[in-house]
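Protein chains: 2
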Amino acid sequence: MRTFKLTIAYDGTAYAGWQVQCDKTTVQGTLENAIAQVTGESLRVLASGRTDAGVHALGQVVRLRTESLLEPDVLLRAINANLPQDIAVLEIEQTVDDFHPIRDVVRKRYRYVIHDGPVRDIFQRRYAWHYVRGRLDADAMQRAASAFLGKHDFRSFESTGAERLTSVRTVYECVVERGEPFEQGRGVQQIFAHPEDFITLEIEADGFLYNMVRAIVGTLVQVGNGRRPEAWPGEVLSAIDRRRAGPTAPPQGLFLQRVKYGLAPS
Amino acid sequence: MRTFKLTIAYDGTAYAGWQVQCDKTTVQGTLENAIAQVTGESLRVLASGRTDAGVHALGQVVRLRTESLLEPDVLLRAINANLPQDIAVLEIEQTVDDFHPIRDVVRKRYRYVIHDGPVRDIFQRRYAWHYVRGRLDADAMQRAASAFLGKHDFRSFESTGAERLTSVRTVYECVVERGEPFEQGRGVQQIFAHPEDFITLEIEADGFLYNMVRAIVGTLVQVGNGRRPEAWPGEVLSAIDRRRAGPTAPPQGLFLQRVKYGLAPS
Numbered sequence: 202m203r204t205f206k207l208t209i210a211y212d213g214t215a216y217a218g219w220q221v222q223c224d225k226t227t228v229q230g231t232l233e234n235a236i237a238q239v240t241g242e243s244l245r246v247l248a249s250g251r252t253d254a255g256v257h258a259l260g261q262v263v264r265l266r267t268e269s270l271l272e273p274d275v276l277l278r279a280i281n282a283n284l285p286q287d288i289a290v291l292e293i294e295q296t297v298d299d300f301h302p303i304r305d306v307v308r309k310r311y312r313y314v315i316h317d318g319p320v321r322d323i324f325q326r327r328y329a330w331h332y333v334r335g336r337l338d339a340d341a342m343q344r345a346a347s348a349f350l351g352k353h354d355f356r357s358f359e360s361t362g363a364e365r366l367t368s369v370r371t372v373y374e375c376v377v378e379r380g381e382p383f384e385q386g387r388g389v390q391q392i393f394a395h396p397e398d399f400i401t402l403e404i405e406a407d408g409f410l411y412n413m414v415r416a417i418v419g420t421l422v423q424v425g426n427g428r429r430p431e432a433w434p435g436e437v438l439s440a441i442d443r444r445r446a447g448p449t450a451p452p453q454g455l456f457l458q459r460v461k462y463g464l465a466p467s
Numbered sequence: 202m203r204t205f206k207l208t209i210a211y212d213g214t215a216y217a218g219w220q221v222q223c224d225k226t227t228v229q230g231t232l233e234n235a236i237a238q239v240t241g242e243s244l245r246v247l248a249s250g251r252t253d254a255g256v257h258a259l260g261q262v263v264r265l266r267t268e269s270l271l272e273p274d275v276l277l278r279a280i281n282a283n284l285p286q287d288i289a290v291l292e293i294e295q296t297v298d299d300f301h302p303i304r305d306v307v308r309k310r311y312r313y314v315i316h317d318g319p320v321r322d323i324f325q326r327r328y329a330w331h332y333v334r335g336r337l338d339a340d341a342m343q344r345a346a347s348a349f350l351g352k353h354d355f356r357s358f359e360s361t362g363a364e365r366l367t368s369v370r371t372v373y374e375c376v377v378e379r380g381e382p383f384e385q386g387r388g389v390q391q392i393f394a395h396p397e398d399f400i401t402l403e404i405e406a407d408g409f410l411y412n413m414v415r416a417i418v419g420t421l422v423q424v425g426n427g428r429r430p431e432a433w434p435g436e437v438l439s440a441i442d443r444r445r446a447g448p449t450a451p452p453q454g455l456f457l458q459r460v461k462y463g464l465a466p467s
């Protein structure tokens with residue numbers, strides 16, 4: 202039996218989230234089926250955390266324990282050949298037997314993309330929240346976001362229903378930026394016809410509570426649209442009361458960007 | 202009766218191309234249906250040119266002649282409200298009655314995106330040709346592409362079946378570039394996890410023959426993969442013989458980027 206660390210990406214649009222559910226198509230179930238095609242094993246994989254329906258991943262980490270004797274690169278190609286086009290294994294490496302993809306997380310990084318242009322961006326409709334009530338003040342959102350830095354009890358930004366020992370988390374980075382126009386005629390990013398119509402939040406922490414990023418985004422948007430002052434998100438945080446936060450932002454703008462483990466670069 | 206110039210974008214994935222066909226869903230038919238919902242008119246619109254099934258547009262231009270008395274911005278919002286999420290009207294402006302979107306074209310610009318990374322990019326699967334036979338030499342393709350600059354008979358790069366008076370076209374720009382890595386943590390383009398795995402061709406001309414861009418891309422790829430020397434695309438061009446060119450590249454990498462008319466900036 203060997204233990205592998207898989208880094209996978211998925212477009213969450215077509216899935217009822219990560220976690221296996223008996224009557225729905227999930228990313229986990231689809232990945233396990235692809236692995237079964239390759240190794241013949243009916244097994245369960247374990248991810249660094251669940252993602253909700255419609256949420257995407259650029260670098261989800263999944264533990265695979267298998268009896269298969271295939272070389273890692275052969276395993277990667279074989280699993281990818283059995284996956285649909287909206288899930289891909291990006292990397293695979295053998296790791297220690299006691300690797301635990303939830304317990305051993307050191308940092309996680311999410312990004313959330315908001316589109317506040319007047320006309321929908323048809324190529325980003327599955328990958329951004331189209332905010333249609335006017336322009337958001339990204340600079341004010343960035344100033345307000347600094348309240349989240351450091352070690353806090355984030356219970357105000359947690360949806361109920363998740364198991365966790367504590368709601369204290371440490372946020373290492375929380376940056377809100379408006380996308381900048383790109384030089385004409387360069388790079389593949391030109392598919393963003395109006396990059397200045399996009400606002401991106403990137404947040405890195407030692408862990409996240411259930412729906413924490415989407416609640417933080419929904420709260421910062423109340424500052425961006427001028428309904429709340431810049432100091433308000435900090436007050437919501439201090440209140441330790443879920444009813445104080447803004448509405449939860451929709452799933453399609455959210456990406457699990459990467460998960461870091463231990464001291465090794467990953 | 203007023204004449205409007207509409208600039209529209211569409212994701213061609215779900216459509217059997219631009220042009221109305223009785224038994225298939227097309228971009229033109231879908232747009233005409235949306236306009237009918239708004240103005241009550243059963244009318245035909247005219248585009249700067251057809252696009253094939255699976256081909257996208259960032260800035261297709263469409264002529265609309267309507268009896269509607271709605272203001273342009275009201276018309277834009279109303280049509281967009283009746284369009285599906287994969288088609289959008291970006292701009293609308295009233296223009297002269299004798300505006301002809303095909304005859305009056307001064308320049309058209311297309312882009313074509315190739316992904317030559319080893320693992321598929323799940324977020325770009327509808328918007329790039331995944332070339333799986335190894336790394337392409339983008340610099341060699343760029344050098345070979347210079348043969349297309351200027352006024353030539355492009356019959357070697359034309360699929361049969363299209364009506365046109367002449368197969369002579371003038372290419373003003375033809376640039377092949379590998380996408381460059383972006384600074385970490387900046388901008389919405391981070392969804393391209395490996396921008397260095399993308400090659401983009403941008404080509405601008407006074408007009409294009411049927412399938413010309415895709416035939417040019419298919420021919421340049423034969424240089425990029427080392428099967429043909431850099432001088433070969435120029436030889437194919439001089440031969441004025443369709444059988445000499447490389448295979449036609451698939452549609453999903455192709456974008457109609459913009460169409461220019463007259464002297465006014467557009």
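First to last, the protein sequences are chains A and B.
Numbering-wise (my numbering), the first sequence opens with residue 202 and increments by one.
Numbering-wise (my numbering), the second sequence opens with residue 202 and increments by one.
The beta-carbon is built from N, C-alpha and C at its ideal position, and this holds for glycine as well.
Residue i versus residue j - alpha carbon distance
i	j	result
B:P466	B:L277	Residue placement at B:P466 is flagged as unreliable, the pLDDT there being 44, under the threshold of 50; a coordinate-derived value is accordingly withheld.
B:P451	A:N234	30 angstroms
A:I288	B:H301	45 angstroms
A:Q222	A:S360	20 angstroms
A:V424	A:Q261	30 angstroms
A:L173	A:P448	Beyond the ends of chain A as shown, which are 202 and 467, falls residue 173 of chain A; an answer cannot be given.
A:V239	B:G463	59 angstroms
A:Q391	B:Y313	Low per-residue confidence applies at A:Q391: pLDDT is 43, beneath 50, and the placement is therefore not dependable, though the value from the model is reported in the following sentence. Approximately 11 angstroms, taken between the alpha carbons.
B:P430	B:D442	18 angstroms
A:V389	B:V377	Per-residue confidence for A:V389 stands at a pLDDT of 37, beneath the threshold of 50, marking its modelled position as unreliable; the derived number appears in the next sentence. Roughly 11 angstroms between the two C-alpha positions.
B:A160	B:P434	With chain B covering 202 to 467 only, the question about residue 160 of chain B has no answer from this structure.
B:K352	A:R326	40 angstroms
B:R415	B:F358	8 angstroms
A:K225	B:G250	42 angstroms
A:Q286	B:I323	6 angstroms
B:V297	B:A279	22 angstroms
B:R266	A:D212	40 angstroms
B:L402	A:A248	38 angstroms
A:S347	A:C375	7 angstroms
A:E268	A:R379	48 angstroms
B:D202	B:V228	Inspection of the sequence shows that residue 202 of chain B is occupied by Met rather than by Asp. Spanning the two alpha carbons is a distance of roughly 24 angstroms.
A:D253	B:A432	52 angstroms
A:A341	A:V372	19 angstroms
Minimum Cβ-Cβ distance from residue i to chain E less than 7 angstroms
i	result
B:Q286	Looking at the structure shown, chain E is missing, and the protein chains on hand are A and B.
Per DSSP, cross-strand counterpart(s) of residue i
i	result
A:R264	A:K206, A:L247
A:G351	A:V372
B:H316	B:H331, B:F399
B:T296	B:T204
B:Y462	B:V306
B:L366	For B:L366, which the question treats as bridged, DSSP gives no partner whatsoever.
B:V377	B:L402
B:Y211	B:A258, B:I288
Amino acids of chain B, ordered along the chain, whose beta-carbon sits closer than 7 angstroms to that of residue i
i	result
A:I323	A210, Y211, D212, Q286, D287, I288, A289
Assigned secondary structure, residue i (DSSP; H/G/I helix, E/B strand, else coil)
i	result
B:I404	strand
B:Q286	coil
A:A339	helix
A:W330	strand
A:F399	strand
A:A217	coil
A:Q325	coil
B:A446	coil
A:F456	strand
A:L421	helix
A:Q391	Annotation note: pLDDT 43 at A:Q391 (below 50); position unreliable, coordinate value reported separately. Helix.
A:L259	strand
B:L270	coil
A:L232	helix
Within chain B, partners of residue i - CB distance below 9 angstroms
i	result
A:N281	V320, R321
8 angstroms contact criterion, which residue i and residue j should meet: CB distance rounded
i	j	result
B:N412	B:G335	Rounded, the Cβ-Cβ distance is 25 angstroms, inconsistent with contact.
B:A258	B:F409	13 angstroms between Cβ atoms; not a contact.
B:A446	B:V460	That pair is no contact at about 25 angstroms.
A:R344	A:H331	That belief does not hold up - the Cβ atoms of A:R344 and A:H331 are roughly 24 angstroms apart, past 8 angstroms.
A:F349	A:S368	With 8 angstroms as the limit, A:F349 and A:S368 do not qualify as a contact, their Cβ atoms being about 14 angstroms apart.
A:A215	A:K309	24 angstroms between Cβ atoms; not a contact.
A:I404	A:Y311	5 angstroms
Cβ-heavy atom distance, residue i to the ligand FMN, below 6 angstroms
i	result
B:D274	This structure lacks the ligand FMN; in fact it carries no ligand of any kind.
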